[in-house]
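A.B. asks: Dropping the structure in here first, questions after.
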Amino acid sequence: MNILIIIALLLAVLVVIRLMNVSQLASVIAGEDEEAEQKRHNSMNGLGLMLFSVVGILLMIYMTFKYQPFLLPESASAHGVKTDFLLNINFAVIGIVFLATQILMFWFVYKYQHSKNRFALFYPDNHKLEIIWTVVPTIVLSALIVTGLKEWNKMTQSHPQDGMVVQVYGYQFNWIARYAGQDNKLGRSFYKLITDDNPLGIDYSDPASKDDIMTKGNEMHLPKGVPVMFEFNSRDVIHSAYFPHFRTQMNCVPGMTTRFYMEPTITTAEMKGITKNEKFEYVLLCNKVCGVAHYNMKMNVVVDDPAEFKNWLKGQKQIMAPVPSTTASEVVKVNEEKENNI
Ligand SMILES: [Cu+2]
Numbered sequence: 026m027n028i029l030i031i032i033a034l035l036l037a038v039l040v041v042i043r044l045m046n047v048s049q050l051a052s053v054i055a056g057e058d059e060e061a062e063q064k065r066h067n068s069m070n071g072l073g074l075m076l077f078s079v080v081g082i083l084l085m086i087y088m089t090f091k092y093q094p095f096l097l098p099e100s101a102s103a104h105g106v107k108t109d110f111l112l113n114i115n116f117a118v119i120g121i122v123f124l125a126t127q128i129l130m131f132w133f134v135y136k137y138q139h140s141k142n143r144f145a146l147f148y149p150d151n152h153k154l155e156i157i158w159t160v161v162p163t164i165v166l167s168a169l170i171v172t173g174l175k176e177w178n179k180m181t182q183s184h185p186q187d188g189m190v191v192q193v194y195g196y197q198f199n200w201i202a203r204y205a206g207q208d209n210k211l212g213r214s215f216y217k218l219i220t221d222d223n224p225l226g227i228d229y230s231d232p233a234s235k236d237d238i239m240t241k242g243n244e245m246h247l248p249k250g251v252p253v254m255f256e257f258n259s260r261d262v263i264h265s266a267y268f269p270h271f272r273t274q275m276n277c278v279p280g281m282t283t284r285f286y287m288e289p290t291i292t293t294a295e296m297k298g299i300t301k302n303e304k305f306e307y308v309l310l311c312n313k314v315c316g317v318a319h320y321n322m323k324m325n326v327v328v329d330d331p332a333e334f335k336n337w338l339k340g341q342k343q344i345m346a347p348v349p350s351t352t353a354s355e356v357v358k359v360n361e362e363k364e365n366n367i
């Protein structure tokens, strides 16, 4: 059906072009002078462009409202509300400038088409105008950037003390979440300790690792109303931990830890009611094309009431990896000995 509409539109354009050629020939036959013919052409072009702008702008407004339901639901995190607010301000500024420039551009094409009685005004510069269109955008853009940067700094640098620490570990091709446990401190990890039993390479000789908890199944839970400090790591290539419903994203970079904190404000059950969708689930996705099964890197995120969350966390303890006999320092020692032997 769509292809038929496109073909019909193309044919319509061809018909208009042919009609213009015919009218040109007719005017030659009728002995019209070149100037009159030029004038008619100009006014046809001017009117055509006006029509294009009106139809284009109306279509844009229609599409904006028609596809509104396909956008993300309201933000489910505290700072996400501010992110959305900033995004909307950006759209408002861009929208006003877009409409003003497009309407003026098409109107000028129509209004100032060639006339033999009118000469173009020689207007090489105007300092006042140039200052206005330099200073005003500078102020608007700086205000937008500074407010955005302030939010970003809050998210990445000011971790509330009463928060909870969760590690999100990306690898080709899935996620593992580790909770810091009672002490709210993640145990050290070391890549040379990675085995099938210990996929994060946790150093179990570190006392902080004793109460760490890893998620069972492809799902992580978060408590509502509690700030969560995320620590992101990657085992292989750069992944990107993207929580669309919480409006957050952070790269997971091999060899370094990246962080942000986020406070969920709407439980999964509440969001099911808001979206009127019983199957609604928050998700953690990978937003970097990291390999052939990149599309597979998806983990469900469930936001519970704090009491429900505690219950869930209790059920997770059993899956803790068996304690390996080697520690980070032993592995380093063994490797050093191997290198010395070579
Ligand atoms: Cu990935």
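Each residue of the sequence shown is one higher than the one before, counting from 26 in the working numbering.
All residues carry an ideal CB built from backbone N, CA and C; glycine is no exception.
Taking C-beta to C-beta, are L309 and F255 nearer than 8 Å?
C.D. replies: Stepping through the sequence shown from its first residue, residue 309 is reached at position 284. Stepping through the sequence shown from its first residue, residue 255 is reached at position 230. No; because the gap between Cβ atoms is not below 8 Å, this pair is not in contact.
A.B. asks: Just to check my reading of the structure: S8 and R260 have Cβ atoms closer than 8 Å, yes? What is that Cβ distance to the nearest angstrom?
C.D. replies: Residue 8 is absent from the structure shown; the chain starts at 26 and stops at 367.
A.B. asks: Excluding five sequence neighbours on each side, which residues of the same chain lie with their C-beta closer than 6 Å to the C-beta of M45?
C.D. replies: In the sequence shown, residue 45 corresponds to position 20, counting from 1. Counting only Cβ-Cβ distances below 6 Å, and skipping sequence neighbours, we find nothing.
A.B. asks: Go ahead and pull the three-state DSSP assignment for H246.
C.D. replies: Numbered from its first residue, the sequence shown carries residue 246 at position 221. The answer is strand: DSSP assigns H246 an E or B state.
A.B. asks: Going by the CB atoms, is the gap between F131 and L74 shorter than 8 Å?
C.D. replies: Locating residue 74 in the sequence shown gives position 49, counting from the first residue. Locating residue 131 in the sequence shown gives position 106, counting from the first residue. It is a contact, given that the beta carbons lie within the stated cut-off.
A.B. asks: Note down the Cα distance separating V314 from L218, rounded to an integer number of angstroms.
C.D. replies: If you number the sequence shown from 1, residue 314 lands on position 289. If you number the sequence shown from 1, residue 218 lands on position 193. The alpha-carbon atoms of V314 and L218 are separated by roughly 27 Å.
A.B. asks: With 16 as the cutoff for other CB atoms within 10 Å, does A205 come out buried or exposed?
C.D. replies: On the sequence shown, residue 205 is found 180 positions in, with the first residue counted as 1. A205 should be labelled buried.
A.B. asks: Could you say which of I86, I31, P149 and G188 lies nearest to P248 if we only look at CA atoms?
C.D. replies: Sequence index remark: in the sequence shown, residue 248 carries index 223 (1-based). For the residues I86, I31, P149 and G188, the minimum Cα distance to P248 belongs to G188.
A.B. asks: Please confirm if the segment 150–157 is in contact with the segment 219–230, defined as three or more CB-CB distances below 8 Å between the two stretches.
C.D. replies: Taking 8 Å as the limit for Cβ pairs, the verdict is that the segment 219–230 does not touch the segment 150–157.
A.B. asks: Counting only the same chain and skipping the five closest in sequence on each side, list residues whose C-beta sits under 8 Å from that of V165.
C.D. replies: What you label residue 165 is simply residue 140 of the sequence shown in a count that begins at 1. Taken in chain order, the residues that qualify are V118.
A.B. asks: Helix, strand or coil, according to DSSP, for L35 in the structure here?
C.D. replies: Walking along the sequence shown from the start, residue 35 turns up at place 10. L35: helix per DSSP, three-state reduction.
A.B. asks: Look up K323 in the DSSP assignment and say whether it is helix, strand or coil.
C.D. replies: By one-based count along the sequence shown, residue 323 stands at place 298. Of the three classes helix, strand and coil, the one that applies to K323 here is strand, per DSSP.
A.B. asks: Here's a check: name, in chain order, each residue in its chain whose Cβ is nearer than 8 Å to the Cβ of R213, leaving out the five neighbours to either side.
C.D. replies: Position 188 of the sequence shown, counted from the first residue, corresponds to residue 213. Hits under 8 Å: I227, D228, D231, A233, S234 and A353.
A.B. asks: Using a 10 Å radius around the Cβ and a threshold of 16 neighbouring Cβ atoms, would you call S152 buried or exposed?
C.D. replies: Along the sequence shown, read from residue 1 onward, the residue named residue 152 stands at position 127. One detail in the question is off: residue 152 reads as His in this sequence, not Ser. It counts as exposed.
A.B. asks: Can you give the Cα-Cα distance for L112 and T290, rounded to whole angstroms?
C.D. replies: As a first step, residue 112 is located in the sequence shown; it is residue number 87 there, counting from the start. As a first step, residue 290 is located in the sequence shown; it is residue number 265 there, counting from the start. Distance between the alpha carbons of L112 and T290 is about 19 Å.
A.B. asks: Going by the C-beta, is M324 closer than 7 Å to any heavy atom of ligand 1?
C.D. replies: In the sequence shown, the residue the question calls residue 324 occupies position 299. Incorrect: M324 has no Cβ contact closer than 7 Å to ligand 1.
A.B. asks: Just grab the DSSP bridge partners of S259 for me.
C.D. replies: Counting from 1 along the sequence shown, the entry for residue 259 is found at position 234. Looking at the DSSP assignment, S259 forms a beta bridge with G195 and P279.
A.B. asks: Please work out which residues of its chain come closer than 6 Å, Cβ to Cβ, to Q192, disregarding the five sequence neighbours upstream and downstream, and give them in chain order.
C.D. replies: Position 167 of the sequence shown, counted from the first residue, corresponds to residue 192. Only R203, L211 and E256 meet the Cβ criterion.
A.B. asks: Based on Cα-Cα distance, which residue from L72, V328, R43 and S52 lies nearest to E244?
C.D. replies: The residue you call residue 244 lines up with position 219 of the sequence shown. Closest option to E244, Cα to Cα, is V328.
A.B. asks: For N372, which option in H139, D150 and L39 has the closest C-alpha, if you only look at C-alpha atoms?
C.D. replies: Residue 372 cannot be examined here, being either before or after the span of the chain that is shown, 26 to 367.
A.B. asks: Under the three-state reduction of DSSP, which class applies to Q182: helix, strand or coil?
C.D. replies: By 1-based counting over the sequence shown, the position of residue 182 is 157. Q182: helix per DSSP, three-state reduction.
A.B. asks: Counting C-beta neighbours from all protein chains within 10 Å, is the total for E288 16 or more, i.e. buried, or is it exposed?
C.D. replies: To locate residue 288, count along the sequence shown from 1; it is residue 263. Buried, since its Cβ has 16 or more Cβ neighbours within 10 Å.
A.B. asks: Where does A266 land, buried or exposed, given buried means 16+ other C-beta within 10 angstroms?
C.D. replies: Within the sequence shown, residue 266 is the residue found at index 241, counting from 1. When all chains shown are included, A266 counts as buried.
A.B. asks: With respect to 7 Å, is the separation between the Cβ of G195 and the closest non-hydrogen atom of ligand 1 below this value?
C.D. replies: Here residue 195 corresponds to residue number 170 of the sequence shown, with the count starting at 1. Yes, since a heavy atom of ligand 1 falls inside the 7 Å radius drawn around the Cβ of G195.
A.B. asks: Helix or strand or just coil, what does DSSP make of F4?
C.D. replies: No answer is possible for residue 4: the residues shown for the chain start at 26 and end at 367.
A.B. asks: Taking all protein chains shown into account, do 16 or more other C-beta atoms lie within 10 angstroms of the C-beta of T126, making it buried, or fewer, making it exposed?
C.D. replies: Walking along the sequence shown from the start, residue 126 turns up at place 101. Classification of T126: exposed, given that the 10 Å Cβ count is below 16.
A.B. asks: May I ask whether a heavy atom of ligand 1 can be found less than 7 Å away from the beta carbon of H246?
C.D. replies: Here the question's residue 246 lines up with position 221 in the sequence shown. Not under cutoff, so the answer is no.
A.B. asks: Nearest-angstrom Cα distance between T283 and K91?
C.D. replies: Start at 1 with the first residue of the sequence shown, and residue 283 comes out as number 258. Start at 1 with the first residue of the sequence shown, and residue 91 comes out as number 66. Distance between the alpha carbons of T283 and K91: 38 Å.
A.B. asks: Do P98 and I263 come within 8 Å of each other at the CB atom, strictly closer than that value?
C.D. replies: Your numbering for residue 263 matches position 238 in the sequence shown. Your numbering for residue 98 matches position 73 in the sequence shown. The answer is no: Cβ separation not under 8 Å.
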